[in-house]
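Sequential numbering from 856 applies to the sequence shown in the numbering used here. Glycine residues also receive a C-beta, built at the ideal position from the N, C-alpha and C atoms. These notes concern the structure reproduced below.
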Amino acid sequence: MQSTRTFTDKFFLVLKGLGMGAANKVPGVSGGVVAFVAGFYEEFIYSLQKVNVKAFKLLINGRFKSFYQYINGRFLSLLFLGMIISYFSVSKALDYLIKHYELYVWSVFFGMILGSIYYIRKDFKEWNFKTYTALAIGITLGISISFLDPAIENDNLWFVFFCGIISVSGMTLPGFSGSFILIILGNYVLLLVDSVNALTDTFAEVIQGNFSFIENAARIRMLKILAVFTFGSVVGLVTFSHALSYILKYYKSITIATIIGFIVGSLGVVWPWKKMIFKLESDGTVLLDSSGREIIANYQRYIPELNTETYVAGGFILLGIAIVLALEFYGHKTEKQHA
């Protein structure tokens, strides 16, 4: 895990973090897919698994260098640097693109999922009754999740902590979208939009020497929610990684088959041609949450007409596939260099 990395490797690792962060922000897309296709999924899981009792003992005893080396700190720090940059830059751009070019954004991600299925499937040879069963279970779970009705927003801190634990599933389970789960739990906007924007605004004010946010009860509440959500995410990330490292060690083929199933099942979530269905009051008006936002009940998917817009969307699907194939090419190239 501690192999020597060139400057180019480090740069691309930050870019991969950017990709994971952006994917985690988009409902239906899993950051774990980026890790899987780019060839660093197992290193990611095993590095997180090193965050254990021994690591904390090293940290408490002041052996910071040993702690850093033990947890594969260089790898994790570069990757998380990319994710952090993504949440305050790429994800902002994604919000804009989804708002103004929704069809084309979903088309790119749909293509990336298709490319991911091809990539993982072509290298997986251990098909038998157990792995086919695991594949079927993964597909069923993936499809079933896409038909669940979202709950209403809930800012209870214990529930926010639980959302943090669940949301990181997309980083550790390829094909299992943590952000889409947050939509189902009703807290996507609260935790991945409002709280992040609150932190961004606070940073901007502090840089300008403005500390008025301290007197802003609403802002402090959002920052507290983000802190609890982040803590839950860290707990979930470490917990999931320990479980997955064990599963990958002893049940690798079944795990990969289930992951393929998750990814196939997620195609329904990222299908580009869909319309939002909103929850309605008894009188037929759209139901709003406490912040006055329309509450999404689910999505209505449809087959598009053959027109210019559809052909352009098809081109973006091909672009998504090409992105995954490029990641695959770079991943194989890196593996050969480190072999």
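Cβ-Cβ separation, residue j to residue i (assumed contact under 8 angstroms), whole Å
i	j	result
G970	G1170	Actually they are not in contact, since the Cβ atoms of G970 and G1170 sit about 14 angstroms apart, beyond 8 angstroms.
L936	G872	6 angstroms
G1033	G1120	That pair is no contact at about 15 angstroms.
S1088	S1022	6 angstroms
A910	Y925	6 angstroms
I1080	L1047	That pair is no contact at about 11 angstroms.
I1000	I1039	7 angstroms
Proximity of residue i and residue j at Cβ, strictly below 8 angstroms
i	j	result
A1112	M1077	no
V1125	I994	no
N1009	G1041	yes
F891	I972	no
A877	V888	no
E1060	S1050	no
I1172	W1128	no
L933	S921	no
I1020	V1083	no
G1116	L990	yes
L1092	T1027	yes
I1102	T986	no
F1220	L868	Examination of residue 1220 is not possible in this model, given that the chain is present from 856 through 1194 alone.
S962	A1177	no
R1074	T1057	yes
Reduced DSSP category for residue i - H, G, I as helix; E, B as strand; rest coil
i	result
M856	Residue placement at M856 cannot be trusted, given a pLDDT of 49 that sits under 50; the coordinates are not used to answer.
Q924	helix
F1084	helix
R1156	strand
K905	coil
K980	coil
V1141	strand
Residue i classed as buried or exposed, judged by whether at least 16 other C-beta atoms fall within 10 angstroms
i	result
K880	buried
N916	exposed
I1069	exposed
I1132	exposed
W1013	exposed
N927	buried
A948	exposed
T863	exposed
V813	Limits of the chain in this structure are 856 at one end and 1194 at the other, which puts residue 813 out of reach.
F964	buried
V1141	exposed
F1035	buried
A1072	exposed
M856	The predicted model places M856 with a pLDDT of 49, which falls under 50 and marks its position as unreliable; any figure quoted below should be read in that light. Label assigned to M856: exposed.
I1181	Checking the sequence, you will find Ala at residue 1181 rather than Ile. Flag for A1181 reads exposed.
Y956	exposed
Y1043	buried
F1016	buried
G874	buried
I1118	buried
G1064	exposed
I1062	exposed
I939	exposed
Residue i beta carbon near the ligand ZN (any heavy atom closer than 7 angstroms)
i	result
A948	The model on display carries no ligand, and the ligand ZN is accordingly not part of it.
Pair every Cβ in the stretch 1095–1105 with every Cβ in the stretch 889–903, then say whether three or more of these pairs are closer than 8 angstroms. yes
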